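S.K.: Those protein sequence lines, which keep their order, are chains Y and S. Read in the numbering used here, the first sequence has 34 at position 34, and its numbers run on one by one without any break. Read in the numbering used here, the second sequence has 383 at position 187, and its numbers run on one by one without any break.
There are 2 protein chains.
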Amino acid sequence: MVRNEIQEIRMKEYFIDAAREILKGEGLKSISVRNIAERAGYSYATLYNYFNDVKDLIFECVKDFQKECDQFVEAGSKNSRRGLPRIKSITKAYINYFVQYPGIFELFFIESTNDFVNKKTDLQVITGSLNRLCEPELIYCVENEVLTKHSADKMINQLLYSVVGLLTLYINRRQPKTYKEFMANVETELTNIINK
Amino acid sequence: MVRNEIQEIRMKEYFIDAAREILKGEGLKSISVRNIAERAGYSYATLYNYFNDVKDLIFECVKDFQKECDQFVEAGSKNSRRGLPRIKSITKAYINYFVQYPGIFELFFIESTNDFVNKKTDLQVITGSLNRLCEPELIYCVENEVLTKHSADKMINQLLYSVVGLLTLYINRRQPKTYKEFMANVETELTNIINK
DNA sequence: TTCATTATATTAACACTGTTAATAAATATA
DNA sequence: TATATTTATTAACAGTGTTAATATAATGAA
Chain Y
1 MVRNEIQEIR
11 MKEYFIDAAR
21 EILKGEGLKS
31 ISVRNIAERA
41 GYSYATLYNY
51 FNDVKDLIFE
61 CVKDFQKECD
71 QFVEAGSKNS
81 RRGLPRIKSI
91 TKAYINYFVQ
101 YPGIFELFFI
111 ESTNDFVNKK
121 TDLQVITGSL
131 NRLCEPELIY
141 CVENEVLTKH
151 SADKMINQLL
161 YSVVGLLTLY
171 INRRQPKTYK
181 EFMANVETEL
191 TNIINK
Chain S
197 MVRNEIQEIR
207 MKEYFIDAAR
217 EILKGEGLKS
227 ISVRNIAERA
237 GYSYATLYNY
247 FNDVKDLIFE
257 CVKDFQKECD
267 QFVEAGSKNS
277 RRGLPRIKSI
287 TKAYINYFVQ
297 YPGIFELFFI
307 ESTNDFVNKK
317 TDLQVITGSL
327 NRLCEPELIY
337 CVENEVLTKH
347 SADKMINQLL
357 YSVVGLLTLY
367 INRRQPKTYK
377 EFMANVETEL
387 TNIINK
């Protein structure tokens with residue numbers, strides 16, 4: 001019962017890495033316990049020696065993607081001017097991360113009825129991630145009297161709704177059809193929300 | 197091979213009605229061919245004598261729900277003053293229809309990776325439905341010079357994005373937690389978009 | 001009415017899904 | 001080396017959509 005910690009972590013990672021590859025590539029529709037295990041080089045039942053169920057495994061991926069997304073956004077926004085311009089950059093980078101990995105958007109915002117990711121706290125963490133990324137800049141804006149506390153709250157709400165709407169329609173429903181059109185719509189929406 | 201038309205339509209409706217009941221009640225997660233057939237009083241394989249596959253059946257439901265949604269919106273907005281106020285009423289009614297039947301929202305805007313509803317034209321019809329409902333009022337606004345053609349296009353786009361974002365987060369992710377909070381957010385968003 | 005043909009409904013089966021229990025294999029301990 | 005423990009695998013269950021083969025019901029002609 002007292003399993004070697006290092007070995008256990010290593011084993012877990014084999015499965016997590018396999019699952020991440022599938023999610024990034026084919027997306028949620030292609031993931032299955034047998035699929036993950038095969039890619040990890042083990043039998044499907046072995047997975048259950050390291051995870052309670054597939055939800056637990058998938059949520060480990062969610063946490064990793066979350067970190068990756070944070071880094072992607074950081075890299076894509078650090079050179080922007082602080083305040084409103086950086087909020088715009090952060091949001092654009094956030095959107096582009098999910099455009100690059102539609103399967104991860106599915107996992108973060110769409111999936112619910114199927115059997116992955118259902119812990120309440122997990123959901124709060126996911127839906128709050130744009131908020132968390134923008135928070136330093138929102139505080140900066142309030143401190144410099146560019147925004148009131150109330151208008152900052154309102155703005156981050158509007159941003160999240162528009163981002164989720166834009167991405168849901170583009171990723172899930174192919175509307176608009178091209179990336180160029182999509183990004184033009186993104187620009188319009190963000191300008192309207194951020195620059196009033 | 198030359199089946200009685202009336203009987204065929206009747207049979208189709210038995211399955212469609214059964215599927216609609218399930219979708220309205222438990223939602224997409226609970227639907228299955230065996231489930232539908234049992235509720236219709238037939239064997240699961242009989243369904244395939246009347247539909248090519250379950251996607252075809254589900255899309256018949258989509259069309260029905262579409263009509264029902266139109267009527268619901270019509271009833272909830274016909275007494276509003278024409279122009280911008282009615283656009284707001286239409287959008288609110290549209291939102292409330294999906295709040296009442298979250299499973300239908302799933303079917304209309306979320307589902308894609310799973311195996312229901314995938315014909316391209318069908319998707320266009322669904323995502324264009326708010327646009328279609330608002331169109332007479334948008335034209336009215338342009339004619340009365342309340343809006344320019346360009347600002348009308350922009351408005352309907354923003355409306356759709358916000359509506360889908362609001363509903364996705366509320367239905368799929370329980371954010372915000374209460375209906376009251378949700379409707380307050382709806383009001384804020386719609387006011388911001390429609391009344392500038 | 002009886003028989004043959006056609007149309008419709010049903011059961012059995014296939015390939016998948018997540019998960020669990022029983023078994024096989026590998027490792028560690030004495 | 002022999003025993004005990006840990007880890008991995010196969011077999012199985014209940015579920016999914018779908019298809020082929022079979023059973024039942026309805027219809028036609030004699």
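Using N, Cα and C, we set each Cβ at its ideal position, and we do this for glycine too. Because the structure is a prediction, the values reported are computed rather than measured.
For the alpha helix (DSSP H) containing Gly165 of chain Y, name the first residue and the last one.
M.R.: In the first sequence, residue 165 of chain Y corresponds to position 165, counting from 1. Residues Lys149 to Leu167.
S.K.: Starting from Asn388 of chain S, trace the alpha helix (DSSP H) both ways and give me its first and last residue.
M.R.: By one-based count along the second sequence, residue 388 of chain S stands at place 192. Counting along the chain, the alpha helix (DSSP H) containing Asn388 of chain S begins and ends at Tyr375 to Ile390.
S.K.: So, helix, strand or coil for Glu222 of chain S, using DSSP?
M.R.: Taking the second sequence and counting its residues from 1, one reaches residue 222 of chain S at position 26. Looking at Glu222 of chain S - three-state DSSP - the assignment turns out to be coil, as it is neither helix nor strand.
S.K.: Looking only at C-alpha atoms, which of Y:Asn96, Y:Lys180 and Y:Arg20 sits nearest to Val54 of chain Y?
M.R.: Position 54 of the first sequence, counting from 1, holds the residue named residue 54 of chain Y. That would be Y:Arg20, whose Cα lies nearest to the Cα of Val54 of chain Y.
S.K.: If we call anything under 7 Å between Cβ atoms a contact, is Leu362 of chain S one with Ala348 of chain S?
M.R.: Within the second sequence, the letter at position 166 stands for residue 362 of chain S. Within the second sequence, the letter at position 152 stands for residue 348 of chain S. No, the pair does not count as a contact, with Cβ atoms beyond the cut-off.
S.K.: Look at the Cβ atom of Glu135 of chain Y, then the Cβ atom of Leu28 of chain Y, and state whether they are nearer than 7 Å.
M.R.: Residue numbering aside, residue 135 of chain Y sits at position 135 when the first sequence is read from its first letter. Residue numbering aside, residue 28 of chain Y sits at position 28 when the first sequence is read from its first letter. Contact: no.
S.K.: Compare the Cα-Cα distances from Leu253 of chain S to each of S:Val229, S:Val359, S:Arg235 and S:Ile300 and report the closest residue.
M.R.: Position 57 of the second sequence, counted from the first residue, corresponds to residue 253 of chain S. Of the candidates S:Val229, S:Val359, S:Arg235 and S:Ile300, the one whose C-alpha sits nearest the C-alpha of Leu253 of chain S is S:Val229.
S.K.: Ala233 of chain S and Leu243 of chain S: beta carbons closer than 7 Å?
M.R.: The residue you call residue 233 of chain S lines up with position 37 of the second sequence. The residue you call residue 243 of chain S lines up with position 47 of the second sequence. Yes.
S.K.: Please determine if the segment 84-98 of chain Y and the segment 8-18 of chain Y are in contact, where contact requires at least 3 C-beta pairs separated by less than 8 Å.
M.R.: no
S.K.: Between which two residues does the alpha helix (DSSP H) harbouring Ile95 of chain Y extend?
M.R.: Position 95 of the first sequence, counting from 1, holds the residue named residue 95 of chain Y. Counting along the chain, the alpha helix (DSSP H) containing Ile95 of chain Y begins and ends at Leu84 to Gln100.
S.K.: With DSSP run on the structure shown, which of helix, strand or coil describes Tyr170 of chain Y?
M.R.: For the purposes of this step, residue 170 of chain Y is taken as residue 170 along the first sequence, with counting starting at 1. The answer is helix: DSSP assigns Tyr170 of chain Y an H, G or I state.
S.K.: For the segment 347-372 of chain S, which residues have a beta carbon sitting closer than 9 Å to at least one beta carbon of chain Y?
M.R.: Lys350, Asn353, Gln354, Leu356, Tyr357, Ser358, Val359, Val360, Gly361, Leu362, Leu363, Thr364, Leu365, Ile367, Asn368, Arg369, Arg370 and Gln371
S.K.: On the CB-based measure, 16 or more other CB atoms within 10 Å of its CB, does Ser226 of chain S come out buried or exposed?
M.R.: On the second sequence, residue 226 of chain S is found 30 positions in, with the first residue counted as 1. Classification for Ser226 of chain S: exposed.
S.K.: Can a CB atom of chain Y be found closer than 7 Å to the CB of Thr344 of chain S?
M.R.: Locating residue 344 of chain S in the second sequence gives position 148, where the first residue counts as 1. No, its Cβ sits nowhere closer than 7 Å to a Cβ of chain Y.
S.K.: Report the option in S:Pro372, S:Thr374, S:Thr364 and S:Gln371 whose CA atom is closest to the CA atom of Glu307 of chain S.
M.R.: The residue you call residue 307 of chain S lines up with position 111 of the second sequence. That would be S:Thr364, whose Cα lies nearest to the Cα of Glu307 of chain S.
S.K.: Is there a C-beta anywhere in chain Y that falls below 7 Å from the one on Thr323 of chain S?
M.R.: Reading the second sequence from its first residue, position 127 is the one you call residue 323 of chain S. Taking Cβ atoms only, chain Y reaches closer than 7 Å to Thr323 of chain S, which makes this a yes.
S.K.: Of the choices S:Arg235, S:Tyr297, S:Leu356 and S:Ala241, whose alpha-carbon is the least far from that of Ile390 of chain S?
M.R.: Against the second sequence, residue 390 of chain S aligns to sequence position 194. Ranking the options by Cα distance to Ile390 of chain S, first place goes to S:Leu356.
S.K.: Just to confirm before moving on: does the CB-CB distance between Arg369 of chain S and Leu123 of chain Y stay below 7 Å?
M.R.: The residue given as residue 369 of chain S occupies position 173 in the second sequence. The residue given as residue 123 of chain Y occupies position 123 in the first sequence. Yes. Within cutoff.
S.K.: May I ask you to report which of helix, strand or coil DSSP gives Pro136 of chain Y?
M.R.: Within the first sequence, residue 136 of chain Y is the residue found at index 136, counting from 1. Looking at Pro136 of chain Y - three-state DSSP - the assignment turns out to be helix.
S.K.: Going by C-alpha distance, which of S:Cys265, S:Val269, S:Ser358 and S:Ala289 is nearest Glu385 of chain S?
M.R.: In the second sequence, residue 385 of chain S corresponds to position 189, counting from 1. Minimum Cα distance to Glu385 of chain S is reached at S:Ser358.
S.K.: Counting only beta-carbon atoms, is Leu319 of chain S nearer than 7 Å to chain Y?
M.R.: Here residue 319 of chain S refers to the residue found at position 123 when the second sequence is read from its first residue. Taking Cβ atoms only, chain Y reaches closer than 7 Å to Leu319 of chain S, which makes this a yes.
S.K.: For Val382 of chain S versus Ile291 of chain S, is the C-beta spacing smaller than 7 Å?
M.R.: Taking the second sequence and counting its residues from 1, the one referred to as residue 382 of chain S is at position 186. Taking the second sequence and counting its residues from 1, the one referred to as residue 291 of chain S is at position 95. The answer is yes: Cβ separation under 7 Å.
S.K.: Check each residue of the segment 175-196 of chain Y: if its Cβ is closer than 8 Å to any Cβ of chain S, include it; give the result in chain order.
M.R.: Residues Gln175, Asn185, Thr188, Glu189 and Asn192.
S.K.: Would you say Ile90 of chain Y lies against chain S (beta-carbon separation less than 7 Å)?
M.R.: Translated into the one-based positions of the first sequence, residue 90 of chain Y becomes position 90. Output row for Ile90 of chain Y: interface = no.
S.K.: Give the secondary structure of Arg216 of chain S by DSSP, where H, G and I count as helix, E and B as strand, and everything else as coil.
M.R.: Position 20 of the second sequence, counted from the start, is the residue given in the question as residue 216 of chain S. Note: Arg216 of chain S maps to helix in three-state DSSP.
S.K.: Kindly indicate the opening and closing residues of the alpha helix (DSSP H) around Gly76 of chain Y.
M.R.: Counting from 1 along the first sequence, the entry for residue 76 of chain Y is found at position 76. Segment Val54 to Ser77, the alpha helix (DSSP H) holding Gly76 of chain Y.
S.K.: Under 7 Å Cβ to Cβ from Thr323 of chain S, same chain only, skipping five residues before and after it: list those, please.
M.R.: Within the second sequence, residue 323 of chain S is the residue found at index 127, counting from 1. Result list for Thr323 of chain S: empty, nothing under 7 Å.
S.K.: Less than 7 Å between the beta carbons of Gly279 of chain S and Val342 of chain S, yes or no?
M.R.: Numbered from its first residue, the second sequence carries residue 279 of chain S at position 83. Numbered from its first residue, the second sequence carries residue 342 of chain S at position 146. It is a contact, given that the beta carbons lie within the stated cut-off.
S.K.: Give the residues of chain Y in contact with Phe305 of chain S, contact being defined as C-beta atoms less than 8 Å apart.
M.R.: Position 109 of the second sequence holds residue 305 of chain S. Result: Thr168, Leu169, Asn172 and Arg173.
S.K.: How is the alpha helix (DSSP H) around Val33 of chain Y delimited, first residue to last?
M.R.: On the first sequence, position 33 is the one that residue 33 of chain Y refers to. Start and end: Val33 to Ala40.
S.K.: Helix, strand or coil: which one does DSSP assign to Glu201 of chain S?
M.R.: In the second sequence, the residue the question calls residue 201 of chain S occupies position 5. Of the three classes helix, strand and coil, the one that applies to Glu201 of chain S here is helix, per DSSP.
S.K.: What three-state label does DSSP hand Glu145 of chain Y in the structure shown?
M.R.: Position 145 of the first sequence, counting from 1, holds the residue named residue 145 of chain Y. Judged by DSSP in its simplified three-state form, Glu145 of chain Y adopts coil rather than helix or strand.
S.K.: Taking 7 Å as the cut-off, decide whether the C-beta atoms of Val258 of chain S and Ala289 of chain S are in contact.
M.R.: In the second sequence, the residue the question calls residue 258 of chain S occupies position 62. In the second sequence, the residue the question calls residue 289 of chain S occupies position 93. Not a contact, by the Cβ cut-off of 7 Å.
S.K.: In or out: Thr287 of chain S buried (at least 16 other Cβ within 10 Å) or exposed?
M.R.: Position 91 of the second sequence, counted from the start, is the residue given in the question as residue 287 of chain S. Per the 10 Å Cβ criterion, buried.
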